[in-house]
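Report on one structure; see the data block that follows.
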Amino acid sequence: MFDFRTELQAGLEKLKLTVDEIQLDRLCRFAELLGKWNKVYNLTAITSDADILTHHLLDSASLVPYVREIHSNAVRVLDVGSGGGLPSIPLAILRPDLQITVR
Numbered sequence: 645m646f647d648f649r650t651e652l653q654a655g656l657e658k659l660k661l662t663v664d665e666i667q668l669d670r671l672c673r674f675a676e677l678l679g680k681w682n683k684v685y686n687l688t689a690i691t692s693d694a695d696i697l698t699h700h701l702l703d704s705a706s707l708v709p710y711v712r713e714i715h716s717n718a719v720r721v722l723d724v725g726s727g728g729g730l731p732s733i734p735l736a737i738l739r740p741d742l743q744i745t746v747r
């Protein structure tokens, strides 16, 4: 059986990202809501939990080091064309210090 939370934590560790339990809970909840509302509004073509994990959450999380690298003092991020809240919502969960605008 696929343990989403365990796989998410392992994936984040591979990306060298440290998260607390609240962030992990929020990412899992976002994935759950994305799956739920995708059935109603077709937010993404990706539907399996494993693919949501790798193609959405971990892909979005992979931006975290680059945001630091591009501008270490960045305080604002603009996500234009954010379908289904990606990558903005995972980024906001992982970097609560940023002001993220989604358009």
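Using our numbering, the final residue of the sequence shown is 747, and nothing's skipped along the way. Where is the CB? At the ideal position from N, CA and C, for every residue including glycine.
Around the CB of S732, 16 or more other CB atoms lie within 10 Å, so the residue is classed as buried. DSSP lists Q743 as the bridge partner or partners of R720. Note that the stretch 656–665 does not touch the stretch 673–688; fewer than 3 beta-carbon pairs, one per stretch, sit closer than 8 Å. Bounds of the alpha helix (DSSP H) holding G679 are E665 to Y685. Taking S726 as the centre and dropping the five residues before and after it, the same chain places the C-beta of S732 and V746 closer than 6 Å to its C-beta, in chain order.
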